[in-house]
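In my numbering, the protein residues as written are 4 to 250. Just so you know, even glycine gets a beta-carbon here, dropped at the ideal spot from N, CA and C. In this text, all values refer to a predicted model and were calculated from it rather than measured experimentally. What follows is a short report on a single structure.
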């Protein structure tokens, strides 16, 4: 059992490896083995250049970052339910071309529970647990939190919570794999889950403890909403002390 924390370098290396296994290809500027002859951008396709890999030459051009402009209707997503003390966008925003919808998987947590425990999906969670939630939009500005009927919050399933994570879901990353031959696995997610050692009150505040199921978990779904956790979780055994994205 691996008990040490993942340092930043190990985390980045692991994330890159996992992304490659998922079908993504990355060319690193310092990778002498990269075959640049295979780097082809088709006409009419936008290509994001993070470095000069694939750039044969530069003549009187330079890379710039387009400055963002705040939308006048901000904030677009507000914590307006008992299960939302806030809306953490350590998740995934994705435009589903088939459904013609913007889809958002984000993190949230109970509001004003003090040290009162919360029972979800048969597991007792700490009152400050983090949960995965879902919202969707037709224009990317006006968002709807559908009542999914999946995870009972204080006995009520009329919420937008997802059945991802057993203890404390962090950093959920969702991938849409249209090429998977199994329709039940076309949507995939990776996330940290920690606190499997239970929780206790320390200095008047809830505190999660590490346990044998802490680590990097994955789950699969036919629609991005109804998820089945992988039986072999955790795929990487380590305690997570962050809610940053896995991928």
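Within 10 Å of its beta-carbon, does residue i have 16 or more other beta-carbons around it, so buried, or fewer, so exposed?
i: residue 203; result: exposed
i: residue 128; result: buried
i: residue 102; result: exposed
i: residue 135; result: buried
i: residue 51; result: exposed
i: residue 45; result: exposed
i: residue 107; result: buried
Between residue i and the rest of its own chain, which residues show a CB-CB distance below 6 Å, the 5 nearest in sequence each way excluded?
i: residue 31; result: For residue 31, the predicted model reports a pLDDT of 45, less than 50, meaning its position is unreliable; a value from the coordinates is still stated below. Contacts found: none.
i: residue 150; result: 161
i: residue 133; result: 110, 112, 171, 172 and 173
i: residue 119; result: 130
With distances taken from CA atoms, which of the options is nearest residue i?
i: residue 92; options: 63, 137 and 126; result: 137
i: residue 168; options: 63, 154, 178 and 159; result: 154
i: residue 152; options: 63, 54 and 230; result: 230
i: residue 182; options: 176, 191 and 175; result: 191
i: residue 166; options: 194, 124 and 188; result: 124
So who's on the other strand from residue i, going by DSSP bridges?
i: residue 191; result: 178 and 223
i: residue 239; result: 219
i: residue 173; result: 195
i: residue 98; result: 105
i: residue 91; result: 110
i: residue 146; result: 140
Near residue i, what residues of its chain come up, given a Cβ to Cβ distance below 7 Å and the 5 sequence neighbours on each side ignored?
i: residue 232; result: 220 and 222
Sorted by chain position, which residues of the same chain lie with C-beta nearer than 8 Å to residue i's C-beta, five sequence neighbours on each side aside?
i: residue 210; result: 129, 202, 203 and 204
Which ranges does the beta strand (DSSP E) cover as unbroken runs of at least 3 residues, wholly within the region 104-144, from first to last along the chain? As far as the region 104-144 is concerned, its whole beta strand (DSSP E) runs of at least 3 residues are 104-111, 121-123, 126-128 and 134-140.
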